[in-house]
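Q:
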Amino acid sequence: DGPGQQVLERSAVTVTRVGKVEARFCVALPARGRSIEGRWAAQILSEAVPELVRRALLFKSLDPKELEKHVLSVEDQRFLRDSLRGLGLVGFVANGAVLPRASGASDLPMPSASGTSRGAVGFMSPPSFEVEVRLPNRGAVKGMGIRAGVTLIVGGGFHGKSTLLQALQVGCYDHVPGDGREFVCVDETAVKVRAEDGRAVSGVDISPFITNLPFGADTSDFSTLDASGSTSQAAAIVEAVEAGAKLLLVDEDTCATNFMIRDARMQELVSRDKEPITPFISRVRLLLGECGVSSVLVVGGAGDYFEVADN
10 DGPGQQVLER SAVTVTRVGK VEARFCVALP ARGRSIEGRW AAQILSEAVP ELVRRALLFK
70 SLDPKELEKH VLSVEDQRFL RDSLRGLGLV GFVANGAVLP RASGASDLPM PSASGTSRGA
130 VGFMSPPSFE VEVRLPNRGA VKGMGIRAGV TLIVGGGFHG KSTLLQALQV GCYDHVPGDG
190 REFVCVDETA VKVRAEDGRA VSGVDISPFI TNLPFGADTS DFSTLDASGS TSQAAAIVEA
250 VEAGAKLLLV DEDTCATNFM IRDARMQELV SRDKEPITPF ISRVRLLLGE CGVSSVLVVG
310 GAGDYFEVAD N
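If you read the sequence shown in the working numbering, its first letter stands for residue 10, the second for the next number, and so on.
1. Keeping to the same chain, check which residues put their C-beta closer than 7 Å to that of S232; ignore five residues upstream and five downstream.
2. Taking only beta-carbon positions, decide if S171 is within less than 9 Å of chain D.
3. Cβ of F132 within 9 Å of Cβ of I155?
4. Between T266, A273, L234, V142, which lies nearest to R203 when the distance is taken from Cα to Cα?
5. Whole angstroms is fine: what's the gap from A57's alpha carbon to A106's?
6. In this structure, does DSSP put G238 in helix, strand or coil?
7. Tell me whether T240 is buried or exposed, calling it buried when 16 or more other Cβ atoms sit within 10 Å of its Cβ.
8. Looking at C-alpha atoms only, which residue of A254, H79, F268 is the closest neighbour of H184?
9. For D260, which three-state DSSP category applies?
10. Apart from the five residues on each side of it in sequence, which residues of its chain come closer than 7 Å, Cβ to Cβ, to V293?
11. Should the stretch 184-196 be called in touch with the stretch 105-119, which here means at least 3 C-beta pairs below 8 Å?
12. Count the other CB atoms within 10 Å of the CB of Q175; is the residue buried (16 or more) or exposed (fewer)?
13. Under 9 Å, do A8 and P217 count as touching if we go by C-beta distance?
14. Does DSSP put E248 in a helix, a strand or coil?
15. If you drop the 5 nearest sequence neighbours on each side, which residues of the same chain put their C-beta closer than 7 Å to that of M269?
16. Counting C-beta neighbours from all protein chains within 10 Å, is the total for Q14 16 or more, i.e. buried, or is it exposed?
17. I need the DSSP call for F289, collapsed to helix, strand or coil.
18. What whole-angstrom Cβ distance do V30 and L66 have, given they're in contact under 8 Å?
19. Quick one: give me the first and last residue of the beta strand (DSSP E) that V305 is part of.
20. Helix, strand or coil, according to DSSP, for K151 in the structure here?
21. Rounded to the nearest angstrom, how far is the Cβ of I246 from that of L257, given a contact under 8 Å?
22. Which residues in the same chain as A254 place their Cβ atom closer than 6 Å to its Cβ, once the five residues preceding and following it in sequence are excluded?
23. In the stretch 144-222, which residue ranges form an unbroken alpha helix (DSSP H) of at least 4 residues, counting only runs that do not cross its ends?
24. Which term fits A51, buried or exposed, when burial requires 16 or more other beta carbons within 10 angstroms of its beta carbon?
25. Could you check where the beta strand (DSSP E) with F268 kicks off and where it finishes?
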C-alpha cells in the first residue's frame, strides 16, 4: 500500500523519541514448490533489503531541501488548521489551490491549464470572503475563509461545487507539497455525511429527525441491518455529533432528498402529523445554536436552504 497525497501517521514506519527510524515490511521469500530458494533468499535479505533501507531511510540518501520543504509545509498546515477557530472560521481554501484531481481513479492533482490545453485552474476566493493568515514558515497566505455557521456552495452544474467539497472533506489531513490542496484546511473534527442505503445502524437516537416509524419502531434507540437513505443519513449525523464533530459537510447529490427538504406542495399533500421525517433544513439552525455544529452544504436544487444560511 503505497503512500498517497495525505500525510498520515502509519504503523509501518515509526520514528522513536531518540530519533531512530523503525520500518516494518514483509518480504516474500522465493520458493520452488514447498522448498525455499536459499541462495536467492539470502541475496534478498543481505543485499536487496539493505540497499532499499539505504536509499529510503538514511538522511544522506535524501534531498535535504525537499525534506525541509516537506516538514515546513506540514508545520504550516497544522498551524493554519489550529488557527481556524480563533479566527471564527471552520475552513480555509488558499488562493491558487489546485482542487481537481487527475481522474476519478487518481488522487494526484490535475495538470494546470496551459495555452489551448484544458486543465486545472487555480482557486480564487470571492473578495467578500477573502482573509489573510500569517503562517510561521510560508508567511502571509490569502484565501477564502469559511465562517462558522451554515454555508452554502451554490452554482450551476459542472461548476466545481462537489470538487470544492471533496477538497474540504480531506482538509482535516495534511498534504504533501505539490498536491495543490496543502492549504485547504477545515476544522479537525469535520465529517462528511451522506445517505448510505443498506448500512447497519446500532443503538442510535435518530428521533430528532425521524419518529413514528411503521410497526412502532423506537427511533430513540434505533437499530437495523438495512437502513434506508433517510434513516442512514440521520444516523450518520447523530453519530458525527456524538463523536464531537463541529462541522458537517453535505453534498446534495449524495443525500436522501426526502431527508434534506420537503417543499410546500409536499407539505400540503402529506400533513406533518403523518410524515415521520423532520428534514435537515428544519434542524440545521438548531444544530448550530444548541450544539455549535456548523454545516457546509453543496446545493444545486434546494433553494429553500437560502432561508437558513449565514453564508
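Note that beta-carbon positions come from the ideal geometry of N, C-alpha and C, so glycine has one too.
A: The answer reads as follows:
1. Start at 1 with the first residue of the sequence shown, and residue 232 comes out as number 223. For S232, where only same-chain residues beyond five positions count, the Cβ hits under 7 Å are V210, S211, G212.
2. Looking for chain D here will not work: only one protein chain is present.
3. As a working mapping, residue 132 is identified with position 123 in the sequence shown. As a working mapping, residue 155 is identified with position 146 in the sequence shown. No, the Cβ-Cβ distance between F132 and I155 is not below 9 Å.
4. Position 194 of the sequence shown holds residue 203. Among T266, A273, L234, V142, the Cα nearest to that of R203 is on T266.
5. Numbered from its first residue, the sequence shown carries residue 57 at position 48. Numbered from its first residue, the sequence shown carries residue 106 at position 97. So the alpha carbons of these two residues sit roughly 40 Å apart.
6. Here residue 238 is taken as the residue at index 229 of the sequence shown, counted from 1. Reduced to three states, the DSSP call for G238 is helix.
7. In the sequence shown, residue 240 corresponds to position 231, counting from 1. T240 should be labelled buried.
8. Taking the first residue of the sequence shown as 1, we reach residue 184 at position 175. Checked all of A254, H79, F268; the closest Cα to H184 is H79.
9. To locate residue 260, count along the sequence shown from 1; it is residue 251. Here D260 sits in strand by DSSP.
10. To locate residue 293, count along the sequence shown from 1; it is residue 284. If we look at V293 and ignore the five residues flanking it on each side, its Cβ neighbours are V159, S304, V317.
11. yes
12. The count along the sequence shown starts at 1 and reaches residue 175 at position 166. Q175 is buried by the Cβ-count criterion.
13. Only positions 10 to 320 of the chain appear in this structure, which leaves residue 8 out of reach.
14. One-based indexing of the sequence shown puts residue 248 at position 239. Reduced to three states, the DSSP call for E248 is helix.
15. In the sequence shown, counting from the first residue as 1, residue 269 sits at position 260. If we look at M269 and ignore the five residues flanking it on each side, its Cβ neighbours are E261, P288, F289, I290, A311.
16. Here residue 14 refers to the residue found at position 5 of the sequence shown. It counts as buried.
17. Within the sequence shown, numbered from 1, the residue matching residue 289 stands at position 280. Three-state result, F289: helix.
18. Residue mapping note: residue 30 aligns to position 21 of the sequence shown, counting from 1. Residue mapping note: residue 66 aligns to position 57 of the sequence shown, counting from 1. About 5 Å; that satisfies the 8 Å criterion.
19. By 1-based counting over the sequence shown, the position of residue 305 is 296. Where V305 is concerned, the enclosing beta strand (DSSP E) stretches over 303-308.
20. As a working note, residue 151 is residue 142 in the sequence shown. DSSP places K151 in strand when its eight states are reduced to three.
21. As a working note, residue 246 is residue 237 in the sequence shown. As a working note, residue 257 is residue 248 in the sequence shown. The Cβ separation is near 7 Å, so the contact holds.
22. Reading the sequence shown from its first residue, position 245 is the one you call residue 254. Excluding positions up to five away in sequence, the list reads T198, V200.
23. 170-178
24. Start at 1 with the first residue of the sequence shown, and residue 51 comes out as number 42. By the 10 Å Cβ count, A51 comes out exposed.
25. Walking along the sequence shown from the start, residue 268 turns up at place 259. Unbroken run through F268 is the alpha helix (DSSP H), 266-269; no beta strand (DSSP E).
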